[in-house]
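This report concerns only the one structure given below.
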Amino acid sequence: MGWLSRIFGGSSHKPSEGQNHETYGEDTYWDFGPSSVDACQDYDNDDIDRAIALSLLEDQTGKKAIDNDSQLEEDEQLAKAVQESLNMESPPRNEHGNIYQQPYPFFFPSGFRICAGCNAEIGHGRYLSCMGSFWHPGCFRCHECNKPIADYEFSMSENRPYHKSCYKERFHPKCDVCNSYIPTNVAGLIEYRAHPFWMQKYCPSHEFDKTPRCCSCERMEPRDNPYLQLDDGRKLCLECLDSAIMETSECQPLYLEIQEFYEGLNMKIQQQIPLLLVERQALNEAMEGEKNGHHHLPETRGLCLSEEQTVSTILRRPIIGAGNRIISMMTEPYRLIRRCEVTAILILFGLPRLLTGSILAHEMMHAWLRLNGYPNLSPNVEEGICQVLAHMWLDSEIISGSDSSNSEASSSSSSSASPSSSSSASASGSGSSKKGKRSQFERKLGEFFKHQIVSDASPAYGDGFRKGNEAVNKYGIRRTLDHIRLTGSFPY
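Dropping the structure here:
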């Protein structure tokens, strides 16, 4: 009978639109909204009652003749079917009380899921749900290599996905010395050291494995870019080597420039003081020969001598041989004769021009103090004011070398300024005209040497400079020197 087939056919109620909970892979189940089991059962009961009524009507009108045995058998089947229909178990529900059913393609409206990569409809099959959007597997790509991300895990940076390997290559810091990825510490964190000025990053182990540093800029030597090996054991990076002064005669033009700088400050040194470039061993021996010891840094790079002695000076610029090593170093002894309070100024060879000049400006201030009656100053005052002059010279060189046109304008406009500022501008302009524009690295190197002076933590060189610089900025160089002559201390 037709009604019996309708009982076994079940309900024709269609579920409403739902939400997908999968994050990756095939569609497996969907949550449907207001659809419920009770509604389905009520609809089925109406069909059963209607079918029974039609059957009884057929029996009364006698449209079909049925014998007793077949009628009994059919009634038993009908009762069994009705009972099974009424006692049917409820379909499985999810945690929200909705029915689990397989999705039907025609249930979904067009554009239900749009790929965030290609903006096309995803449809059915494999897809990704991440970063708040849906993606075709082939559209979810690494921002670095532009290849699809098929791995279960990926990395994020600025809301952009990366393969874990690409993320490491781009963002995991590498050591500037050994070019390896900087390892993590016991806590799983990336730990490295960095130069406070150059920001050169390196593994903590390189602080203890005797990795050499440049004797000028203090950067560590990279494994793939070896430094120049000097005869006295120092190492010099190739950038600092570009402007390095290697022999005594080569330093004489710089010596004249700094003398002009002092004249510009109305602090001309009247006596002719010999300037010699020497190796580190000769500098240390000369320092030991001084009767009146002065305060020096652990690494002495300049010395103002007052005693007669013989010093070995560099006569000819050495040749750089294979393996970045100095060869053919030629020196000669130089006998110092005392004609005044200062017998000579010694500077360590092989340093860049700006560093050599700042050391020379410092040592010339020692000479000026001794020649002009400033005896027995405390280390803080004497070294401090010498560092102030070195810093002033560096400042003038960086300004004059950064733009020659600016230095010319400064020199021409100085005629209306005060005598001291006019002379200072003239001296710096003279240095610029002889040397020309600085390279970008040389300007950076000059800033580093200034940074070294300003950030020095030693009592004599560091604290002395800061107090002296404050006094000069407040009262000027001449009034500060007059106060030092009278009191032996900086003015407040």
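So the number in our numbering is just where the residue sits in the sequence shown, counting from 1, plus 1222. The C-beta atom is built at its ideal place from N, Cα and C for all residues, glycine as well. If you're wondering where the values come from, they're calculated on a predicted model, not measured in any experiment.
Quiz item: Going by beta carbon distance, what residues of the same chain come within less than 7 Å of Ser-1711, once the five residues before and after it are set aside?
Solution: Along the sequence shown, one-based indexing puts residue 1711 at 489. So the list reads Val-1603, once near-sequence residues are dropped.
Quiz item: Do you know offhand how far Gly-1545's Cα is from Glu-1485's?
Solution: Against the sequence shown, residue 1545 aligns to sequence position 323. Against the sequence shown, residue 1485 aligns to sequence position 263. Roughly 44 Å separates the two Cα atoms.
Self-check item: For Met-1378, the first and last residue of its enclosing beta strand (DSSP E)
Solution: As a position in the sequence shown, residue 1378 is number 156, starting the count at 1. Bounds of the beta strand (DSSP E) holding Met-1378 are 1377-1379.
Quiz item: For Tyr-1683 versus Glu-1605, is the C-beta spacing smaller than 8 Å?
Solution: If you number the sequence shown from 1, residue 1683 lands on position 461. If you number the sequence shown from 1, residue 1605 lands on position 383. With respect to Glu-1605, Tyr-1683 sits close: the two C-beta atoms are nearer than 8 Å.
Quiz item: Using 8 Å as the threshold, is the region 1575-1589 in touch with the region 1689-1705, meaning 3 or more CB pairs across them?
Solution: They do not touch, by the three-pair rule.
Quiz item: Is Met-1549 helix, strand or coil when you go by DSSP?
Solution: Position 327 of the sequence shown holds residue 1549. According to the sequence displayed, residue 1549 carries Ile and not Met. Residue state, collapsed to three classes: strand.
Self-check item: Rounded Cβ spacing between Phe-1376 and His-1385 (contact assumed at less than 8 Å)
Solution: Translated into positions along the sequence shown, residue 1376 becomes position 154. Translated into positions along the sequence shown, residue 1385 becomes position 163. Indeed, because the Cβ distance is near 6 Å, the residues count as touching under 8 Å.
Exercise. Would you identify the three-state DSSP class for Phe-1362, choosing helix, strand or coil?
Key: Within the sequence shown, residue 1362 is the residue found at index 140, counting from 1. DSSP places Phe-1362 in coil when its eight states are reduced to three.
Quiz item: Which value, in whole angstroms, describes the spacing of the CA atoms of Asn-1598 and Ser-1550?
Solution: For the purposes of this step, residue 1598 is taken as residue 376 along the sequence shown, with counting starting at 1. For the purposes of this step, residue 1550 is taken as residue 328 along the sequence shown, with counting starting at 1. Cα to Cα, Asn-1598 sits roughly 42 Å from Ser-1550.
Quiz item: Can you tell me the Cα-Cα spacing of Leu-1487 and Ala-1466, whole angstroms?
Solution: Locating residue 1487 in the sequence shown gives position 265, where the first residue counts as 1. Locating residue 1466 in the sequence shown gives position 244, where the first residue counts as 1. Near 27 Å, if we compare the C-alpha coordinates of Ala-1466 and Leu-1487.
Quiz item: Can you list the beta strand (DSSP E) stretches of 3 or more residues lying completely in the region 1443-1470, in chain order?
Solution: Counting whole runs of 3 or more residues, the region 1443-1470 contains no beta strand (DSSP E) stretch at all.
Quiz item: Where does Val-1408 sit, in a helix, a strand or coil, going by DSSP?
Solution: Translated into positions along the sequence shown, residue 1408 becomes position 186. Reduced to three states, the DSSP call for Val-1408 is coil.
Exercise. Note down the Cα distance separating Arg-1435 from Arg-1547, rounded to an integer number of angstroms.
Key: If you number the sequence shown from 1, residue 1435 lands on position 213. If you number the sequence shown from 1, residue 1547 lands on position 325. Distance between the alpha carbons of Arg-1435 and Arg-1547: 16 Å.
Quiz item: Roughly how many angstroms lie between the CA atoms of Ser-1661 and Cys-1462, to the nearest whole one?
Solution: Along the sequence shown, one-based indexing puts residue 1661 at 439. Along the sequence shown, one-based indexing puts residue 1462 at 240. For Ser-1661 and Cys-1462, the gap between their C-alpha atoms comes out near 11 Å.
Quiz prompt | Arg-1592, enclosing beta strand (DSSP E) - first and last residue | solution = Position 370 of the sequence shown holds residue 1592. Not the beta strand (DSSP E): Arg-1592 falls in the alpha helix (DSSP H), residues 1575-1593.
Quiz item: Which value, in whole angstroms, describes the spacing of the CA atoms of Thr-1522 and Thr-1565?
Solution: As a position in the sequence shown, residue 1522 is number 300, starting the count at 1. As a position in the sequence shown, residue 1565 is number 343, starting the count at 1. Rounded to whole angstroms, Thr-1522 and Thr-1565 show a C-alpha spacing of 18 Å.
Quiz item: Gly-1690 by DSSP, collapsed to three states: which one?
Solution: In the sequence shown, the residue the question calls residue 1690 occupies position 468. In the displayed model, Gly-1690 falls within a helix according to three-state DSSP.
Quiz item: Taking Cβ positions, are Phe-1670 and Cys-1459 nearer each other than 8 Å?
Solution: Indexing the sequence shown from 1 puts residue 1670 at position 448. Indexing the sequence shown from 1 puts residue 1459 at position 237. No, the Cβ-Cβ distance between Phe-1670 and Cys-1459 is not below 8 Å.
Quiz item: Rounded to a whole number of angstroms, what is the C-alpha to C-alpha distance between Ser-1534 and Val-1500?
Solution: In the sequence shown, residue 1534 corresponds to position 312, counting from 1. In the sequence shown, residue 1500 corresponds to position 278, counting from 1. In this structure, the CA atom of Ser-1534 is about 7 Å from the CA atom of Val-1500.
Exercise. Closer than 6 Å by C-beta to Pro-1331: which residues in its own chain qualify, once you throw out the five before and the five after it? Chain order, please.
Key: Here residue 1331 refers to the residue found at position 109 when the sequence shown is read from its first residue. Low confidence applies to Pro-1331: its pLDDT is 46, below 50, so where it sits in the model is not reliable, and the reading given next is rough at best. Here the set comprises nothing.
Quiz item: From Ile-1675 to Leu-1505, what distance separates their C-alpha atoms?
Solution: Taking the sequence shown and counting its residues from 1, one reaches residue 1675 at position 453. Taking the sequence shown and counting its residues from 1, one reaches residue 1505 at position 283. One C-alpha to the other measures close to 21 Å.
Quiz item: Taking just the CA atoms, how far does Leu-1576 sit from Asp-1464?
Solution: Here residue 1464 corresponds to residue number 242 of the sequence shown, with the count starting at 1. Here residue 1576 corresponds to residue number 354 of the sequence shown, with the count starting at 1. The straight-line gap separating the alpha-carbon atoms of Asp-1464 and Leu-1576 is approximately 12 Å.
Quiz prompt | DSSP bridge partner residues for Lys-1390 (one or two, in chain order) | solution = Translated into the one-based positions of the sequence shown, residue 1390 becomes position 168. None, per the DSSP bridge assignment.
Quiz item: Rounded to a whole number of angstroms, what is the C-alpha to C-alpha distance between Gly-1511 and Leu-1568?
Solution: What you label residue 1511 is simply residue 289 of the sequence shown in a count that begins at 1. What you label residue 1568 is simply residue 346 of the sequence shown in a count that begins at 1. Answer to the nearest angstrom: the Cα atoms are 13 Å apart.
Practice problem: Could you have a look at Lys-1369 and say whether DSSP puts it in helix, strand or coil? | Solution: As a position in the sequence shown, residue 1369 is number 147, starting the count at 1. Reduced to three states, the DSSP call for Lys-1369 is coil.
Quiz item: Which same chain residues, not among the five before or five after Ile-1495, have their C-beta less than 7 Å away from its C-beta?
Solution: Against the sequence shown, residue 1495 aligns to sequence position 273. The residues are Val-1564, Ala-1566, Ile-1567 and Ala-1589.
Quiz item: Taking DSSP as the reference, what is the three-state secondary structure of Gly-1668?
Solution: Here residue 1668 refers to the residue found at position 446 when the sequence shown is read from its first residue. Note: Gly-1668 maps to helix in three-state DSSP.
Exercise. Would you decide whether Gln-1503 is buried or exposed? Buried here means 16 or more other CB atoms lie within 10 Å of its CB.
Key: Counting from 1 along the sequence shown, the entry for residue 1503 is found at position 281. The residue in question, Gln-1503, is exposed, as its Cβ has fewer than 16 Cβ neighbours within 10 Å.
Exercise. Measure the alpha-carbon distance for Arg-1445 versus Lys-1432 and round it to whole angstroms.
Key: Position 223 of the sequence shown, counted from the start, is the residue given in the question as residue 1445. Position 210 of the sequence shown, counted from the start, is the residue given in the question as residue 1432. The alpha-carbon separation between Arg-1445 and Lys-1432 amounts to approximately 12 Å.
Self-check item: Distance between beta carbons of Ile-1336 and Phe-1362, contact taken as under 8 Å
Solution: Counting from one through the sequence shown, the residue named residue 1362 turns up at place 140. Counting from one through the sequence shown, the residue named residue 1336 turns up at place 114. In fact, because the Cβ distance is near 14 Å, the residues do not count as touching under 8 Å.
Quiz item: How should Thr-1470 be labelled, buried or exposed, when 16 other C-beta atoms within 10 angstroms of its C-beta is the threshold for buried?
Solution: The residue you call residue 1470 lines up with position 248 of the sequence shown. Flag for Thr-1470 reads buried.
Exercise. Assign Lys-1696 to one of three DSSP states: helix, strand, or coil.
Key: Start at 1 with the first residue of the sequence shown, and residue 1696 comes out as number 474. In the structure shown, Lys-1696 sits in a helix (DSSP, three-state: H, G or I).
Quiz item: When you compare only the Cα positions, how much space is there between Glu-1380 and Glu-1429?
Solution: Indexing the sequence shown from 1 puts residue 1380 at position 158. Indexing the sequence shown from 1 puts residue 1429 at position 207. Put simply, the backbone Cα of Glu-1380 is about 34 Å away from that of Glu-1429.
Quiz item: In angstroms, rounded to a whole number, what distance separates the CA positions of Arg-1560 and Arg-1539?
Solution: Taking the sequence shown and counting its residues from 1, the one referred to as residue 1560 is at position 338. Taking the sequence shown and counting its residues from 1, the one referred to as residue 1539 is at position 317. Taking the straight line from one Cα to the other gives about 28 Å.
Exercise. Taking all protein chains shown into account, decide if Cys-1526 is buried (16 or more other Cβ within 10 angstroms of its Cβ) or exposed.
Key: Reading the sequence shown from its first residue, position 304 is the one you call residue 1526. Only buried fits Cys-1526, as 16 or more other CB atoms lie within 10 angstroms of its CB.
Quiz item: If you check the beta carbons only, do Leu-1570 and Met-1587 fall under 8 Å apart?
Solution: Working through the sequence shown from its first residue, we reach residue 1570 at position 348. Working through the sequence shown from its first residue, we reach residue 1587 at position 365. Here Leu-1570 is not near Met-1587, since their CB atoms are 8 Å or more apart.
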